[in-house]
Structures are given as structure tokens and as C-alpha cells.
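Numbering (the numbering used here), first residue to last: 22 to 448.
Shown next, in the form of C-alpha cells:
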């Protein structure tokens, strides 16, 4: 008989430094589990969180898999050929995917799941903080560090669990929420979802799993995509356009949750207006009023990049803006190349960094000239004469030189990889 994740005492986590894995680690430690973990030696934003939990992260090696381990939980980045996973199977130790472990924890609470191509991290954080401020003591899993908590998980004793769902590899289909918040649907992860229809079908399937007594809270422009809904639905939207619109949409979704849970509108708005943000979402590494301003943002999809840079331009209309973009995965860069080329109209200069590859793809399977093609596309479509391709060390040196220019300047790093290290070094 298959055991529940909480039936195990000693749990080893392969790829423990990932945002989701580190958050899961915190939940398991709070349940009294003995957790060990392994990962690369590369610095991660979750290092401080794991240190506070008392987790010593070991480098990947066969000897980490001892007989004392009851189960191995692995990040989706690592397959069966990974040395620790292969060793665990050889020793007869059960191996569980991260998404399965989260799904099992989700079953012991009333679930609020937030999904969508854009905005899900911020919306998850807003809802989690709102429930906390309302005294509901929720358990929360977010895909980025929440500034108030200084971590991306919250362990609560209340009946609600708020979680950010990941559509990649259909992982969110394993979760069975009572409330589903759907922020947006725009084709992404082309290595897995080959067509727009495949991508949309994943969300349709998730909606079909909602119970009759459940609730779908969806952005109003999704009405045409979602036809068959098995439960009550609330559509939300705002008339406002321009600066701050996306944050207001996220807050509107949270207010719908508040109404369903009986949280007063006044309390809900007070909580939402006190929101301090999360890491890697328009994160300032300098003062917002410095002569050279350094910002980092997780934007890695063309729409996110375009939206983020438009917001920066509105905030700093007279500044020179340099964007240092690290494309995330060869498959996304290849599939959305033309869209990426149209995403930089609000900046004066673009620096393209080497593509941050996924462990699940092979560089050899893609054209070798993706970055030159992207550079040429930006120069042609956006009429930008200053588009560079630089290595990581070169980009750091270039950013430092820019920071010493007398002009008012904004330097922003973009991407889901480790480009934030450049922002940190330049600031």
C-alpha cells in the first residue's frame, strides 16, 4: 500500500535548493520530519532559508543515499539517471516527485490553488498574507520569497492551504483545490506544450476537476477559453489601463477569495495595501531614487518582459534604461523568438546573456545562432542600435561601468535564471 508523505520519518530531498523544494522542506520540518538534502554547490536565493532550518546541503553523490532514508523526494529537474535517484531505486527506497508530495500535503487542508501564466506568484502571496491578517492562520507555498516572512512558505494551524500551482508537465493536475484562482493563460513551456491548444487544454482539465461545491475565480478574458465549468464561477477584471493594472488585477482576484471566505472588504483591502512584495518581482537592489538604479525581475516570457519594462519606463520616463536579459531555456527562446524581439521597445539598450538551459533539454537540439537572431530581431523591430551579447563576467563588468556614468540610469536584469547575481554585483 502506498504511503502518505507524512508517514515517512526520514526524507531526503534531491534538488533541495529550488524554491518549491525549499518551501516543501519547511513544511516537512514543521511536521517533525528529519530532512536531508542535496544540490549543486552554486549559490541559491534559498540558501539562507535552508540554513535557518538547520539543513546542511550536500553536493550530489551516491553516498548521500543511506539505509536510514525512508523516502527520496526529487525536483522535476532530475530524472531517473541521476546518481542519487538511481541509487535509491537500487536500494529499494521509494522515490517521490515534488509535485506528488505537495499534492499529498494539499489533501489534509482545504485548498486554494493559484495558477496562470502570469501573476500567480504575486497573487498567491497576496492571498496568503490576507488570510494571515484575517486570523485564519493558513499554510502557504509561494514560488518566491515573501518579504514579510523572509521565506517562501508559511506553516499554519488553520484549515486552509494556499499554494501556487505549476502548469509545467501538468504538475498542477495532481492538486485538488476547493478554490481555484486562474489569472491568465498564454502559451508557454513549448518544450512540453507543443501547441497553444495543448497548453490551454491543461487548464481546462484542471478546471474540470473542481468539485461541484467548489469555486473558480477567473480573469474575465478567459471566458472564451473555459467553456465547461462544473461549479460556481466568479469572473473578475478592472477597467483601468496603464500603470499598476496588473497589480490591481491580482488584488481583485484576492478580494474575490476574501468574499468567499467571509473576510470583510475593509480588512482585505488593508492587508492588500500593506503588501511589501516578493523577491525577484521588481526587486530594487539600490534606492529607487539613486542616480543609478539597479532592479531585478523574474520576467522570462515576452509578455512579462514587455509589461515590466513598460512599468519601469513609466516610473522613470527621463532615465536611460539598460536591460540585461538572460533567456530561460533554449526551447522557449526558439519557440518565442519573434515575440522576444518585440518586447524591448521601452529601453535604450539591451544586453543579451547566454541562455540559461534547463537540465531537461540538450543544447545540441537547437540552432546555434539563437542569440544573434534575437539580437538582430530586436535591432530590426525596435530600431535599437545598442544590443550586445556578453558573457556573464563581461555583463557584470559592463554593468559596473554603467553604474559610474553621471547620467540618471536604470539597470534591470530580467529572466528566471541566475541573472539576479549580476544585479547584486553591480549594486
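Cβ coordinates follow ideal geometry from the N, Cα and C atoms, glycine included.
DSSP links residue 184 through a beta bridge to 134 and 162.
Contact between residue 30 and residue 55 holds: their C-beta atoms lie close to 6 Å from each other, under 8 Å. Closest in C-alpha terms to residue 380, from the list 350, 241 and 150, comes 350. For residue 305, the secondary structure class from DSSP, reduced to helix, strand or coil, is strand. Boundaries of the beta strand (DSSP E) around residue 257: 253-257.
No Cβ-Cβ contact shorter than 8 Å links residue 292 with residue 166. In the displayed model, residue 391 falls within a helix according to three-state DSSP. The region 35-53 and the region 62-75 touch, with three or more beta-carbon pairs separated by less than 8 Å.
Listed in chain order, the beta strand (DSSP E) runs fully inside the region 168-226 are 172-175, 181-185 and 200-203, counting runs of at least 3 residues. Secondary structure at residue 155: coil, using DSSP grouped into helix, strand and coil. The count of Cβ pairs closer than 8 Å, one atom from the region 205-221 and one from the region 128-147, reaches three, so the stretches are in contact.
Using a 10 angstroms sphere on the CB of residue 422, the tally of other CB atoms stays under 16, which defines it as exposed.
Annotation: the continuous beta strand (DSSP E) that includes residue 239 extends over 236-240. Apart from the 5 residues on each side of it in sequence, residue 370 sits with its Cβ closer than 6 Å to the Cβ of 343 and 407 in its chain, given in chain order. Between residue 86 and the set 67, 58, 99 and 75, the nearest pair of CA atoms involves 58.
When only Cα atoms are considered, residue 425 and residue 311 end up about 12 Å apart. In this structure, residue 155 sits near residue 284, with a CB-CB distance shorter than 8 Å. Three or more beta-carbon pairs separated by less than 8 Å link the region 178-191 to the region 125-134, which places the two stretches in contact. CA-to-CA, the gap between residue 101 and residue 107 works out to about 6 Å. From the listed residues 163, 326 and 243, the smallest Cα separation to residue 361 is found for 326.
Counting only unbroken stretches of 4 or more residues, the alpha helix (DSSP H) elements lying wholly within the region 92-152 are 104-111 and 119-127, in sequence order.
Taking 3 residues as the minimum length, the beta strand (DSSP E) runs contained wholly in the region 41-80 are 55-60 and 78-80, in order along the chain.
Its Cα nearest to that of residue 429, the residue 314 stands out among 314, 119, 239 and 334. By the neighbour-count criterion, in which a residue is buried when 16 or more other Cβ atoms sit within 10 angstroms of its Cβ, residue 373 is buried. The beta-bridge partner set that DSSP reports for residue 317 consists of 304 and 434. Between the beta-carbon of residue 316 and that of residue 444 there is about 7 Å, and that keeps the pair under the 8 Å contact cut. In the structure shown, residue 385 falls within a helical segment according to DSSP collapsed to helix, strand and coil. Secondary structure note for residue 341: it is in no alpha helix (DSSP H), and the uninterrupted beta strand (DSSP E) holding it is 341-346.
Taking 8 Å as the cut-off, the beta carbon of residue 235 is found closer than this to the beta carbon of residue 200. Rounded to whole angstroms, the gap between the alpha carbons of residue 134 and residue 198 is 6 Å. At the C-beta level, residue 320 and residue 435 come within 8 Å of one another. Per DSSP, the continuous beta strand (DSSP E) segment holding residue 370 begins and ends at 370-373.
Inter-residue distance for residue 93 and residue 307 is about 40 Å (C-alpha atoms, whole angstroms). Under DSSP, residue 377 takes part in a beta bridge, and its partners are 349.
Residue 328 carries a helical assignment under DSSP once its states are collapsed to helix, strand and coil. Excluding sequence positions up to five before and after residue 266, its CB lies within less than 8 Å of the CB of 259, all in the same chain and listed in chain order.
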